[in-house]
Each structure stands twice: as C-alpha cells, then as structure tokens.
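Peer 1:
2 protein chains.
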Amino acid sequence: MGYSIGQTAKMMNVTTHTLRYYEKEGLLPFVRKNASGLRVFSDNDLGWLAMIECLKETGMPLKGIKQYIDWYIEGDATLQQRLDMFKAQKQKVEEQIALYRKHLDKINYKINMYTEAVKRGSWDKMMEEKLLAEEKKKRFGK
Amino acid sequence: MGYSIGQTAKMMNVTTHTLRYYEKEGLLPFVRKNASGLRVFSDNDLGWLAMIECLKETGMPLKGIKQYIDWYIEGDATLQQRLDMFKAQKQKVEEQIALYRKHLDKINYKINMYTEAVKRGSWDKMMEEKLLAEEKKKRFGK
DNA sequence: ACATAATATAGAGTTAGCTTTAAGTCCGAT
DNA sequence: ATCGGACTTAAAGCTAACTCTATATTATGT
Numbered sequence: 056m057g058y059s060i061g062q063t064a065k066m067m068n069v070t071t072h073t074l075r076y077y078e079k080e081g082l083l084p085f086v087r088k089n090a091s092g093l094r095v096f097s098d099n100d101l102g103w104l105a106m107i108e109c110l111k112e113t114g115m116p117l118k119g120i121k122q123y124i125d126w127y128i129e130g131d132a133t134l135q136q137r138l139d140m141f142k143a144q145k146q147k148v149e150e151q152i153a154l155y156r157k158h159l160d161k162i163n164y165k166i167n168m169y170t171e172a173v174k175r176g177s178w179d180k181m182m183e184e185k186l187l188a189e190e191k192k193k194r195f196g197k
Numbered sequence: 056m057g058y059s060i061g062q063t064a065k066m067m068n069v070t071t072h073t074l075r076y077y078e079k080e081g082l083l084p085f086v087r088k089n090a091s092g093l094r095v096f097s098d099n100d101l102g103w104l105a106m107i108e109c110l111k112e113t114g115m116p117l118k119g120i121k122q123y124i125d126w127y128i129e130g131d132a133t134l135q136q137r138l139d140m141f142k143a144q145k146q147k148v149e150e151q152i153a154l155y156r157k158h159l160d161k162i163n164y165k166i167n168m169y170t171e172a173v174k175r176g177s178w179d180k181m182m183e184e185k186l187l188a189e190e191k192k193k194r195f196g197k
C-alpha cells in the first residue's frame, strides 16, 4: 500500500530525479514521507502521475499542470476553472491531431515520390516542381 | 520572383530572427544574397521552409532536418536514406496520433466528471476513486 | 536629401524540462 | 558490521530552439 521512489519511477517510466523535480515544482503535493524521510508513493499519487503524464504529453507545460493542482487544492470554488481547463486541453489535442493529419498527407506524398525515385535510381526535378506548385497554391489560395 | 526576409517571415509565420537562425544551422543552404548582402528568398526556399515546418511540427529536431538536407545535397546516392527517413517519420506521426487519442479519452472522462461536479457544486471523491481503480487496472492489466 | 524602416552580423540571454554532481544518510543482505 | 544500492538535499549544468541586443549598413518614401 505504498511504493518507494524507485518502484514508482519504474512503474511510471520516469527517473527518480524527475519525480523529485516534479515534487519540488509542486506537482506532487500529496506524497508522504516515512519516519526516516523516504518518500512513500500511494496509489493516489500514481493516479496524479498518470494525469501529469496525460497533460504533459498533450503539450501542457508543467506550470499549467501545477495550476490545475493548485485549483484542486483550493477546492470546490475552482470546479469551473478546472472544467474549462480540460475543455481547452481537449480542443488543443483535437487541433493537434488535425495538424498531424495534414502533415501526414505531405509526408505520404514525399514517400510516394521517393519510392518512385529509388526505383528509378534518380531524383526527378519535375516532381519537385509539381509539388512546389501545389504548395504555392495552398499558401496563396486561401 | 524573390522575397525579402521580412516578407518571407510573414508568409511562413516565423520571425526574421528564426530564419537567420535556420540559415546559420544549415537548414536553408539555397538562400541567395543580392549585391548588397540582403537575403533573397525564392519560391523554392519557401518550399524548403514548408517542409521544415512539417517535419518540425511532427516532432523532428532541427538536427534531423539538417541531416535530410545534407542528404539531399549529397544527391542520388542518398535516395534510400531519405525515403527511410520519411517512412520513419510517418510511423512516428501515426503513433503520436494514437497516443493523443488515448489521452483524449482520459480528458473526455475528466470533462464528464467535472461537468457533473460543476452541476452539483461539489467534487465527489467516489468518482475519483472509481477513475483511480480504472487507472490501476490499466497499469497492471497488461 | 533625409528620415525611418528594414536588413546585416556577432554574440549574449532566455525558457522549459530535465540531468548530473556533490556530499552525504539509510537499509537489506552476507 | 559492513558493503552495495537506494535514498536525501541543494545546486550547478545541459540541450533545444529560439530571442534579444548592439552596432552598422541598406532601402524606401516625400
């Protein structure tokens, strides 16, 4: 019913250094310490870490995550802010996915061109110019 | 048939500083300068910038982008490397999208919980524990 | 012609998010 | 009881990708 910093680090795929750093930055305000000063992580703490991971990997800076945690500590008066934050994050992620898709199209186009080029053993300038014209249209066409 | 650094910056949504920085880092080896030393960007350069943007925004570090450019300059002998690079990038983007989706699910769950909580005006610990149990199952269940 | 806006170079400074180092203390096993 | 490994704090160091400063030169509008 409690994990050492090392066990926690392994489970959450981070280093012990990172966990201490997060704590110092105020991202883990609920972690206890035992009689000899060692950190004891609870399942609840792992839950917080999972959420930190989620927000971090979707592009929220640690400061933003800390803000959420501070709101959480403040209590029910900040429920609306927290909801708004998650809604904003949702939108950000959806936009990000859309952007990735757009870039994926370009990458696929390049893969087609290079697959051709590798087959022929040479890079065809014509293809590049065609792509360039396409790009240009996109930039000015809107 | 040529753009100043300022025009280019505006078109590509970057600063002039960034463009000079990219050039210094070897990411824009084809940009010319006129008689008095001012940079003149061609449509081809804008094409390169669009590709830099694509690779950068899909998570490739500038060093990786420079590697591609160096391969390009080397010529047809590196066609296979360049194809492989785009294939690897494609996979990375697809994985990233999958991860974002997973995180989006978590965020949506939170939004539901907080929407409820805001309606009732208080945060229900029960809900949190339910979510926690879910998390725990995911971590150990695989 | 002249003010001012844009550009040039070189180099220092900034920010986020770790990562490493130094100098220890604590604990489990032989 | 002692050794290796995990842990402690505090602080310096690192990397990426800009961002800004200072000083000088060039281009543009009236």
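Order-wise, the sequence lines are chains P and C.
Oh and the first sequence: position 75 is 130 in the working numbering, straight run, nothing missing.
Oh and the second sequence: position 24 is 79 in the working numbering, straight run, nothing missing.
Virtual Cβ for every residue (Gly too), placed ideally from N, Cα, C.
Owing to the predicted nature of the structure, the values given are computational and were not obtained by experimental measurement.
Of the residues C/LYS165, C/GLY176 and C/LEU82, which one's Cα is nearest the Cα of C/MET183?
Peer 2: Sequence check: residue 183 of chain C is Glu here, not Met. The shortest Cα separation from C/GLU183 among C/LYS165, C/GLY176 and C/LEU82 belongs to C/LYS165.
Peer 1: For P/GLN144, would you say it is in contact with chain C, using Cβ-to-Cβ distances shorter than 7 Å as the test?
Peer 2: Chain C places a beta carbon closer than 7 Å to that of P/GLN144, counting this residue as a contact.
Peer 1: Over the uninterrupted alpha helix (DSSP H) stretch that includes C/TYR58, give me the two end residues.
Peer 2: Per DSSP, C/TYR58 belongs to no alpha helix (DSSP H) and is neither H nor E.
Peer 1: Would you list, in chain order, the members of the segment 144-178 of chain P that have their beta-carbon closer than 8 Å to a beta-carbon of chain C?
Peer 2: Listed by position along the chain: GLN144, LYS145, VAL148, GLU149, GLN151, ILE152, LEU154, TYR155, ARG156, HIS158, LEU159, LYS161, ILE162, ASN163, LYS165, ILE166, TYR169, THR170, ALA172, VAL173, GLY176, SER177 and TRP178.
Peer 1: Could you tell me if C/ARG94 is buried or exposed, where buried requires 16 or more neighbouring beta carbons within 10 angstroms of its beta carbon?
Peer 2: So C/ARG94 counts as buried.
Peer 1: Among residues of its own chain, excluding the 5 on either side of P/THR71, which ones have a beta-carbon nearer than 7 Å to its beta-carbon?
Peer 2: ILE60, GLY61 and ALA64, listed in sequence order.
Peer 1: For C/LYS88, write down the residues that DSSP places opposite it in a beta bridge.
Peer 2: Beta-bridge pairing links C/LYS88 to C/ARG94.
Peer 1: Where are the alpha helix (DSSP H) runs, 4 residues long or more, that stay fully inside the segment 114-192 of chain P, in chain order?
Peer 2: 117-129 and 134-175
Peer 1: So that I know if they touch, is there some Cβ in chain C lying closer than 7 Å to that of P/PHE85?
Peer 2: no
Peer 1: Could you tell me whether the Cβ atoms of C/LEU138 and P/TYR169 are closer together than 7 Å?
Peer 2: yes
Peer 1: Give the DSSP-derived three-state secondary structure of C/GLU78 in the structure shown.
Peer 2: helix
Peer 1: For a test of the three-state rule: what should DSSP assign to C/THR70, helix, strand or coil?
Peer 2: coil
Peer 1: Are P/ILE107 and P/LEU82 close, meaning C-beta to C-beta below 7 Å?
Peer 2: yes
Peer 1: Report, in whole angstroms, the separation of the C-beta atoms of C/ASP98 and C/VAL86, which I expect to be a contact under 8 Å.
Peer 2: Wrong, their Cβ atoms sit about 12 Å apart, outside the cutoff.
Peer 1: Is P/MET140 near P/TYR127, with beta carbons less than 7 Å apart?
Peer 2: Between P/MET140 and P/TYR127, the C-beta gap is not smaller than 7 Å, which leaves the two residues out of contact.
Peer 1: Excluding the 5 residues flanking C/ASN68 on each side, which residues of the same chain have their C-beta closer than 7 Å to its C-beta?
Peer 2: none
Peer 1: CA-CA distance, C/GLU149 and P/VAL148?
Peer 2: 14 Å
Peer 1: Check whether the Cβ of C/LEU134 lies closer than 7 Å to any Cβ atom in chain P.
Peer 2: yes
Peer 1: By Cβ distance below 8 Å, which residues in the same chain neighbour P/GLU80 in space, the five residues on each side in sequence not counted?
Peer 2: LEU117 and LYS121
Peer 1: Of all the options C/GLN146, C/ARG156, C/GLU171 and C/VAL173, which has the alpha carbon lying nearest to the alpha carbon of P/ILE162?
Peer 2: C/GLN146
Peer 1: Select from C/MET56, C/TYR155, C/GLU78 and C/ARG175 the residue whose C-alpha is nearest the C-alpha of P/CYS109.
Peer 2: C/TYR155
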